[in-house]
Amino acid sequence: MNNQTTALPPLTFLGQLRPSQKDVMAIAEKKLKEGAKKLHIVAPPGSGKTVTGLYLWAMCIKTPALVLAPNSAIQVQWAARTDLFKMTDGRVVRDMVSTDPQSPGLLTSLTYQSVTLPGRGNADLDETAIELWRQKLIEKGQAKDPDEAEVWLDDLRRHNQDYYEQRLSSYRKTARDQAAMEVRRWKTLHGSALATLERLKNVGIGLIILDECHHLLGHWGRVLADAHEMLGHPVIVGLTATPPDKEGKPEADVKRYEEYFGPVDFEVPVPAVVKDGFLAPYQDLAYFVRPRADEMTFVANADKQLHELVEELCTEGIGGRGARS
């Protein structure tokens with residue numbers, strides 16, 4: 061297939077929209093008719109964000125779509141809820157849906173990680189990371205110049221390889237973030253992520269649904285801003301229950317997020333969802349109490365026990381004692 065957006069076959073909705081979902085549809089349809097290509101929806105848990113997004117895909121926008129979610133559990137949920145739709149010729153919509161980045165469908169549900177995975181072992185990236193490390197050593201007074209810093213790093217590499225790799229990994233992340241901020245995101249991506257985006261481009265994606273979109277203030281958002289252009293500027297639907305906390309975040313990331321999604325088009329009020337019977341009424345109530353002696357002991361030992369467990373699992377490996385018992 062080429063990268064021209066194609067239309068979906070006619071679909072039928074087998075469910076029934078809730079009142080709040082109907083309100084979202086009314087606003088969405090109005091904006092789409094006016095030529096808008098961004099929809100930003102805030103809705104609490106239990107308000108039916110998944111069905112809302114799928115209805116927009118199947119009944120309003122009607123093009124091949126990409127859904128991105130922060131984890132595999134939500135990814136699979138999107139694919140499963142397509143059972144609420146059927147094709148007018150009797151074919152099962154679920155058969156046209158994919159959770160496999162190797163084989164996109166009419167609706168492809170993936171994790172953010174699958175299209176934003178950073179590259180590993182990139183020579184240019186390592187060179188930048190080491191240069192950042194050298195600069196940090198000089199800033200901290202641990203080396204007086206780049207040559208001395210290089211001697212320091214070389215000694216660490218030879219005598220404490222594990223720690224060297226651990227610190228280098230941290231500086232690689234910093235280098236990737238800097239590259240992304242400088243609009244060189246593609247150089248930071250893993251080959252598999254680039255291949256996935258290319259396959260999605262060839263399907264003709266006309267809609268991207270971004271679930272839990274408040275996660276997109278960092279690396280994921282930077283990459284997807286480029287991916288949006290690469291995929292031919294499809295319609296963007298951002299869904300979240302919790303708008304992001306922008307306090308202390310890089311100004312460039314905040315600006316990109318606001319431009320990417322635009323202002324909130326509709327916020328489903330919690331009382332309405334409670335009134336409709338889809339969310340139990342609740343009130344946050346917290347008491348601060350002093351822990352008992354046994355609780356203080358548990359808190360004090362929890363970190364130590366966790367590290368002991370991790371060390372045991374790493375030492376014994378897959379074929380260790382736990383696997384045999």
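Each residue of the sequence shown is one higher than the last, beginning at 61 in this note's numbering. Idealized CB from N, CA, C, for every residue including glycine.
Compare the Cα-Cα distances from residue i to each of the options and report the closest residue.
i	options	result
W117	I268, E307, A203, R352	I268
S132	D160, F145, P124	D160
R232	S169, E191, D205	E191
W193	A235, G278, Y317	A235
T123	A67, H100, L144, L74	A67
L74	P105, A86, M147, A96	M147
G278	A287, G292, R316	R316
P303	E210, L276, R282, E289	L276
A287	P351, V330, R259, M156	R259
P166	R227, K204, L345, P69	Reading off the sequence shown, one finds Leu at residue 166, where the question assumed Pro. Answer by Cα proximity: P69.
G95	L77, A360, H293, N361	H293
L445	K335, A360, W280, Q365	With the chain running from 61 to 385 in the structure shown, residue 445 is simply not present.
A353	A346, N361, Y347	N361
V157	S230, V263, P351	V263
What do you reckon, are the CB atoms on residue i and residue j nearer than 8 Å?
i	j	result
G266	V295	yes
D271	V127	yes
T112	Q137	no
L197	A189	no
V333	P341	no
L213	K261	no
V283	L228	no
L114	L144	yes
Leaving aside the five residues before and after residue i along the sequence, list all residues of the same chain whose C-beta is less than 7 Å from its C-beta, in chain order.
i	result
C273	G298, L299, T300, F321
T256	P161, S174, V175
L373	none
A389	Look at the range of the chain in this structure, 61 to 385, and you will see that residue 389 is not part of it.
Starting from the C-beta of residue i, find all residues in its chain whose C-beta is less than 6 Å away, skip the five residues before and the five after it, and write them out in chain order.
i	result
V328	S80, A103, S107
R217	Y224
Could you name the residues of the same chain whose beta carbon sits closer than 8 Å to that of residue i, not counting the 5 residues immediately before and after it, in chain order?
i	result
C120	M85, A88, E89, L92
V314	L277, K306
Give the C-beta separation of residue i and residue j to the nearest angstrom, bearing in mind that I take them to be a contact with Cβ-Cβ under 8 Å.
i	j	result
Y172	P130	6 Å
L71	D325	Actually they do not touch by this definition, with Cβ atoms about 23 Å apart.
S169	A139	5 Å
T110	R151	At roughly 22 Å, the Cβ-Cβ gap does not stay under 8 Å, so T110 and R151 are not in contact.
V398	L339	Residue 398 cannot be examined here, being either before or after the span of the chain that is shown, 61 to 385.
(request) Taking only runs that begin and end inside the region 220-300, name each unbroken alpha helix (DSSP H) of 4 or more residues, in chain order. (result) 221-241, 251-263, 279-290
(request) Any chance you could list the beta strand (DSSP E) runs of at least 3 consecutive residues sitting entirely within the region 103-142, in chain order? (result) The region 103-142 contains these whole beta strand (DSSP E) runs: 125-129.
(request) Let me know the alpha helix (DSSP H) ranges lying completely inside the region 194-221, each 4 residues or longer, listed in chain order. (result) 206-219
(request) Quick one: which unbroken alpha helix (DSSP H) runs of 4-plus residues sit fully inside the region 302-368? Chain order, please. (result) List check, alpha helix (DSSP H) in window: 311-321, 330-335.
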